[in-house]
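Just below is one structure, and these are the notes that go with it.
Residue numbers (my numbering), protein chains in the order written: chain V, 251 to 761; chain Z, 251 to 761.
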């Protein structure tokens, strides 16, 4: 009763108290894994046409450059090795692989509260790579990024509600040895966040070392296999229509080790795929279907994500672009293709061609993020922090990306329409002899946290209030948050004894 | 043959020549009036529920405060005036009005090339008002806006391909007399752009003066009535569920004068509509349906636009917010409701709560603009330039909005899927003995202008190129464009003799 009457007062103090009470995950207005399929940039007929074209590409063009082991696996399940050394994949083989493929991949967090269930149109947002520069917003410099920057990104991502996973966004350019780089990328990410992590391996020979470390972190191989909290981002294909020999060998090894695979086809429309959106999607789908055939030949039902990642190209300059409308369409179309096959899928969004977190960065990031989300993309990769067509990563943009994605997730959640939300009773009460407005009513205040998303770094002050508090700058506010987070120890730090064991076995570059 | 072989060379010079050739409107990648209905934030069942709830509100709650003339019009067509002085509207009356309502409104430009045909899911973007401040990006000040600022906005909008109409975005605060303000708002906009213009009248008595001026500009009343190039933005309702007495009188007068009407219901979720998205949409739809009944009672088939404009509120502060995800959903849902009734419709999008053209401004503007567009909203109002929840207008943001909207329009255009765009023949040629990439082929280059949208002020330089050209700042680039445009005379300036006549009759404040 007290709480209720204090709410009725509609006063600022009551609102503030209500606002500052902790909100349980289930009661939050947006959460990981919300479902949406309200955007359909492709019609059912178009989806079918793309599917048929992809099948024709698989049957008639096929793929060069599979490693011998892959050839053996795929020929065993019915693929045909031609005189031209290309593997062609008959329709029936694709259908068989699709029937065996894992439809419900769980990407585990080291902390179970961060587990992601990739099925249906459940949407998750996170980072991906692999930037070669860190964007310093203060000096406006692009400088080589290193292992500390990667670890910092993990620590920041760990604290942002709307960043659901951390695929390694940056390359550790300060570690010249590739094996050490791979091991340190795992260490820097896993010790920075308990969310699911995605990494890559430069060479097949490095995979064993990675598993050694992951088994140690998990507490044993069995524990690792029960909840693999790291997946492998696998560029198994070199578009157009060639297998990436070494990456395929990596893939075979990580599958055996129980690590989920992101089957990543990273073409570029106008360079390594046809320049049309439809052509880029057809080729990406064909390539990922080949990956699905490959994975399920190695181990039926092994967890794999359909990673159709066609990027854009600026045809004027021949340079990659990630921030275009064409990109947003490609990503949205890919989400629909994943669901046509009933497979977990991911695609890139949220990238910008802008060099700094400016207005362009905002609008480019939002278009593809919200369209990917509305299309029910299970994994929205690259969704925060990526500048200059993936060349630069920016910690401030990662923090601001949390607001962008919260906004996009509110749209993903969509509109609940029922007798309560349509609120005819409220309209009657308010209009017929009532106060003539809905301000401060119980019905209004009850929606404050459950229905609304409030930006955390962005602000909504009036011009007057804004001037009074010194005209806060958005990027500076993000820098302040970054410094706060980075001044604290990692909340995902490994147990000191375990940490020592790892450092005894691997050369860890983080201090 | 020459052109073809020069294209084959794929050289920079060839690309440059191709790029700089003027592109006819029909060949452009995006145009006004593109159609989209790929986003459906409401299911058919939800649409029907909202419709039924709106009908119930019209039948049982009804509207207070209609002027006597409006009561007479509406009672004549079957509405019921209750003992409580509220007009209630039976379902059959709504259905009758819908059957008579104009389904295909043309909003004319003073130049016919800017005519907009509002039917189906054809999408147009433009400005709306009514900001009270101009945002000075250099000093970061919000200062009172005036008639010169309004004229400048018109001149800028006239030059931006993706701003399809100019509804008066700012109030002339430097003109204290309301009649003079209304007349000068018409003059400042019409003399700044030949695109369709939207204005408002403060009082019914001012309408005649407005028509006097418009007849002069058109070359006579008959010419005006044949192609009315100015519409009236009419806040005919004060949510919740009250007619705005004087605005209704304005509406009756402009209908008689042949001016199209925007039936604008500008509620605020949580203040003047229920706080839920569904409730805000139900009430806005009910209010606009009442407007449709009213207009068609005054003059069956008079051109009117269903202006469901539910805004958002930040429930924490009680202040308006235009840049939220809830706003984007409301706007997208409204677009679907318009089409359920088969009526031309408009709603607000592109607004930001940010005070300056920063990253927040970019992401907020994009979310609602692209979602409105993908929903097939005929008129996307407020789509460029609006800051601080509509309090401030910024010329630089208007210019940057042209890029945002171009991007959104590319998404509205969607994906063409056919044998040519799926490009299996290209894939075959490239992969089987071909060059292994699609760069510089005829098929690729042919798409350069027809399929791709290139930002005009935003840039896509590599970090290296960007540093070499001095790290261009986005907002400064917009300021430079603004200064270029404003240094030239208006391309829409009135004939000097006509101008003198108008100045003889009206006190024109523009120098």
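Just so it is clear, CB atoms sit at the ideal spot from N, CA and C, and this is done for glycine as well.
Computed from a predicted model, the values in this text were never measured in an experiment.
With distances taken between CB atoms, is the gap from residue i to residue j smaller than 8 Å?
i	j	result
residue 595 (chain V)	residue 377 (chain V)	no
residue 604 (chain Z)	residue 563 (chain Z)	no
residue 530 (chain V)	residue 519 (chain V)	yes
residue 430 (chain V)	residue 757 (chain V)	yes
residue 571 (chain Z)	residue 710 (chain V)	yes
residue 454 (chain Z)	residue 385 (chain Z)	no
residue 480 (chain V)	residue 515 (chain V)	no
residue 573 (chain V)	residue 601 (chain V)	yes
residue 280 (chain V)	residue 510 (chain V)	no
residue 321 (chain V)	residue 337 (chain V)	yes
residue 735 (chain Z)	residue 406 (chain Z)	yes
residue 477 (chain Z)	residue 450 (chain Z)	no
residue 282 (chain V)	residue 641 (chain Z)	no
residue 597 (chain V)	residue 665 (chain Z)	no
residue 387 (chain V)	residue 607 (chain V)	yes
residue 483 (chain V)	residue 512 (chain V)	yes
residue 375 (chain Z)	residue 639 (chain Z)	no
residue 301 (chain V)	residue 590 (chain V)	yes
residue 554 (chain Z)	residue 352 (chain Z)	yes
residue 432 (chain V)	residue 460 (chain V)	yes
CB-CB under 6 Å to residue i, same chain, minus the five flanking residues each way: which ones, in chain order?
i	result
residue 722 (chain V)	none
residue 410 (chain V)	652
residue 404 (chain V)	416, 439, 442, 443
residue 259 (chain Z)	Low per-residue confidence applies at residue 259 (chain Z): pLDDT is 42, beneath 50, and the placement is therefore not dependable enough to give any value.
residue 703 (chain Z)	279, 280, 656, 660
residue 312 (chain Z)	336, 337, 338
Just verifying my parser: in three-state terms, what is the DSSP assignment at residue i?
i	result
residue 362 (chain V)	helix
residue 291 (chain V)	coil
residue 416 (chain V)	strand
residue 672 (chain V)	helix
residue 278 (chain V)	coil
residue 523 (chain V)	strand
residue 755 (chain Z)	helix
residue 386 (chain Z)	strand
residue 440 (chain Z)	helix
residue 748 (chain Z)	helix
residue 338 (chain V)	strand
residue 284 (chain V)	strand
residue 704 (chain V)	coil
residue 665 (chain Z)	coil
residue 392 (chain Z)	strand
residue 691 (chain V)	coil
Go through its chain and collect everything with a Cβ distance to residue i's Cβ below 8 Å, but skip five positions before and after it.
i	result
residue 575 (chain V)	617
residue 254 (chain Z)	Any reading at residue 254 (chain Z) must be qualified, since the residue scores a pLDDT of 38, below 50, and its modelled position is unreliable; the value itself is stated next. Excluding sequence neighbours, residue 254 (chain Z) sits near 692.
residue 688 (chain V)	676, 680, 694
residue 578 (chain V)	599, 617, 618, 621, 622
residue 401 (chain V)	438, 439, 441, 442, 740, 760
DSSP beta-bridge partners for residue i?
i	result
residue 484 (chain V)	V:513
residue 631 (chain V)	V:598
residue 711 (chain V)	None; residue 711 (chain V) has no bridge partner.
So which residues on chain A does residue i lean against when the C-beta distance must stay under 8 Å?
i	result
residue 520 (chain V)	The structure shown contains no chain A; the protein chains it does contain are V and Z.
For residue i, collect the residues of the same chain with a Cβ closer than 7 Å to its Cβ; drop the 5 residues on either side in sequence, then sort them by chain order.
i	result
residue 303 (chain V)	532
residue 323 (chain Z)	544, 547, 548
residue 359 (chain Z)	365, 444, 445, 446, 479
residue 485 (chain Z)	494, 497, 514, 516
residue 286 (chain Z)	371, 373, 623, 624, 626, 662, 664
For residue i, verify whether its CB is less than 7 Å away from any heavy atom of the ligand MG.
i	result
residue 421 (chain Z)	Only the bare structure without any ligand can be found here, which leaves the ligand MG out of the picture.
Count Cβ pairs between the segment 545-552 of chain Z and the segment 579-590 of chain Z that sit closer than 8 Å; are there 3 or more? No contact exists between the segment 545-552 of chain Z and the segment 579-590 of chain Z.
Note to self: Would you call the segment 392-402 of chain V in contact with the segment 414-424 of chain V, where contact means no fewer than 3 C-beta pairs closer than 8 Å?
What the structure shows: Yes: at least three Cβ pairs fall under 8 Å.
Can we say the segment 623-632 of chain V touches the segment 741-756 of chain V, given the rule of at least three CB pairs closer than 8 Å?
Touching, no.
Point to revise | At least 3 beta-carbon pairs within less than 8 Å: the segment 294-310 of chain V vs the segment 340-359 of chain V | key: Segment contact: the segment 294-310 of chain V against the segment 340-359 of chain V, three or more CB-CB distances shorter than 8 Å; contact assigned.
Q) Contact between the segment 651-659 of chain Z and the segment 672-686 of chain Z: three or more CB pairs below 8 Å? A) No, the segment 651-659 of chain Z does not touch the segment 672-686 of chain Z.
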